[in-house]
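Each remark here refers to the structure printed beneath this line.
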Ligand code: HMG
Ligand code: MG
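Residue numbers (full-length UniProt numbering): 13 to 312.
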């Protein structure tokens, strides 16, 4: 069966905007976050403290958080942090939640982090330790949990190894990234079972599906039926990783809310307000939202 309620972990301001060609002004980014909160989302990933050389789109992270003030702080306003330099910057901005982001494959670790799997865990270890000392909430993303554009399908035990190595650092929550959207429902079930066997239960696991192959909703439903209660989504279906060949947008938050509303699962989100936000953001970006629900309800 399905749960009574689901936590939507909104990644639009981070995953969505990291992949845009156009530079979105910091004040527009902050306004985007405010509108998402007004629409009823509780958990919003606001930005990234990564290298501005690697992701110039989010180089203004400190400005965005300064603009947001108290709204950008709290255990449900995480930011991406790869290394201690990023953590220092995040702490200066007053954040109370961070997300590290590892990989299930060697190739993507090299491409996205400039180092291999073992070295990337070494980079994250002091970030998690210091975050815990500072009382922060810590999420661990693992990318390429289903398929990798260079290595092909990724064996579930290899993914489980990567998840265990990051969760063993002491992270509070895991997010399973289908970075290029090739995963399918049976594969989702198999991975969740493998994780359970390795001691990582669905109570600590979120899912992060990109919708490249149109599988994101089916995969989400499968994960929910298996007991997952945290689902990542991006308003308007923005998103993608600039270092992952062929990555496109995340599961659109509107598409997720439509499905959950229909099933009577509570999310706290006002769908009309969200669609209006996506239409506003599409104007800022100069192109229409790829979300099916935004198109259907958008009124153009
Ligand atoms: P590095 O080892 O320092 O490498 O960075 P570098 O030598 O290329 O350094 C570049 C410059 O950035 C240096 O400055 C560093 O000091 C500086 P320079 O000497 O050239 O003047 N630098 C920093 N500056 C500010 N803040 C920092 C920072 N770190 C270094 N934190 C690093 C390694 C991991 C930082 C780099 O590779 C990086 O930033 N990678 C991030 C890539 C990224 O953000 N990808 C997208 C997010 S992951 C994703 O989207 C997947 C996800 O959605 C889940 C899924 O879908 O699967 C989460
Ligand atoms: Mg992503």
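Backbone N, C-alpha and C define an ideal beta-carbon position, used for all residues, glycine too.
task: Using beta-carbon positions only, say whether residue 52 and residue 84 come within less than 9 Å of one another.
output: It is not a contact, given that the beta carbons lie outside the stated cut-off.
field: 9 Å Cβ cutoff met for residue 240 and residue 268
entry: Cβ atoms of residue 240 and residue 268: not closer than 9 Å.
query: In terms of residue numbering, what span does the alpha helix (DSSP H) encompassing residue 61 cover?
result: Careful: residue 61 lies outside any alpha helix (DSSP H) and carries neither H nor E.
query: Is the Cβ-Cβ distance between residue 81 and residue 251 less than 9 Å?
result: No, the pair does not count as a contact, with Cβ atoms beyond the cut-off.
task: Using beta-carbon positions only, say whether residue 13 and residue 237 come within less than 9 Å of one another.
output: The Cβ-Cβ distance between residue 13 and residue 237 falls below 9 Å.
query: Which of the three DSSP states, helix, strand or coil, is assigned to residue 33?
result: Of the three classes helix, strand and coil, the one that applies to residue 33 here is coil, per DSSP.
field: C-alpha gap between residue 75 and residue 63, whole angstroms
entry: Going from the Cα of residue 75 to the Cα of residue 63 covers about 15 Å.
message: Can you tell me where the beta strand (DSSP E) holding residue 188 begins and where it ends?
response: Judged by DSSP secondary structure, residue 188 falls within the beta strand (DSSP E) whose first and last residues are 185–190.
- request: State whether the stretch 206–226 contacts the stretch 180–189, with contact taken as three or more CB pairs (one from each stretch) at a distance under 8 Å.
  value: The answer is yes - the stretch 180–189 touches the stretch 206–226, with three or more Cβ pairs under 8 Å.
CB contact flag (residue 25, residue 56, <9 Å): Yes, the pair counts as a contact, with Cβ atoms nearer than the cut-off.
task: Would you mind stating whether residue 248 and residue 264 have Cβ atoms separated by less than 9 Å?
output: The criterion of a C-beta distance shorter than 9 Å is satisfied by residue 248 and residue 264.
field: Cα-Cα separation between residue 49 and residue 244, rounded to whole angstroms
entry: One C-alpha to the other measures close to 15 Å.
- request: Would you tell me roughly how many angstroms separate the C-alpha atoms of residue 286 and residue 41, rounded to the nearest one?
  value: Inter-residue distance for residue 286 and residue 41 is about 15 Å (C-alpha atoms, whole angstroms).
message: For residue 140 and residue 61, what's the separation of their Cα atoms in angstroms?
response: The straight-line gap from Cα to Cα measures roughly 15 Å.
- prompt: Would a C-beta distance cut-off of 9 Å place residue 261 and residue 222 closer than the cut-off?
  reply: A contact, by the Cβ cut-off of 9 Å.
task: Alpha carbon to alpha carbon, how far is residue 291 from residue 44? Give it in angstroms, no decimals.
output: When only Cα atoms are considered, residue 44 and residue 291 end up about 11 Å apart.
query: Is it the case that the Cβ atoms of residue 129 and residue 174 are separated by a distance below 9 Å?
result: Their beta carbons are under 9 Å apart, which means residue 129 touches residue 174 by this criterion.
- request: Spell out the partners DSSP gives residue 46 in its beta bridges.
  value: None; residue 46 has no bridge partner.
- prompt: What is the rounded straight-line gap between the Cα of residue 125 and the Cα of residue 281?
  reply: One C-alpha to the other measures close to 34 Å.
message: What does the Cβ neighbour count give for residue 90, buried or exposed, with the cut at 16 atoms within 10 Å?
response: Classification for residue 90: buried.
Of the listed residues 190, 304, 58, nearest to residue 1 (C-alpha basis): The shown model of the chain, from 13 to 312, leaves out residue 1, and the question about it has no answer.
- prompt: In chain order, what residues of the same chain have a beta carbon less than 7 Å from the beta carbon of residue 162, not counting five sequence neighbours either side?
  reply: The beta carbon of residue 162 sits closer than 7 Å to those of 119, all from its chain and outside the five residues before and after it, given in chain order.
- request: State the beta-bridge partners of residue 21 as determined by DSSP.
  value: Within the DSSP bridge table, the entry for residue 21 names 55, 244 as partners.
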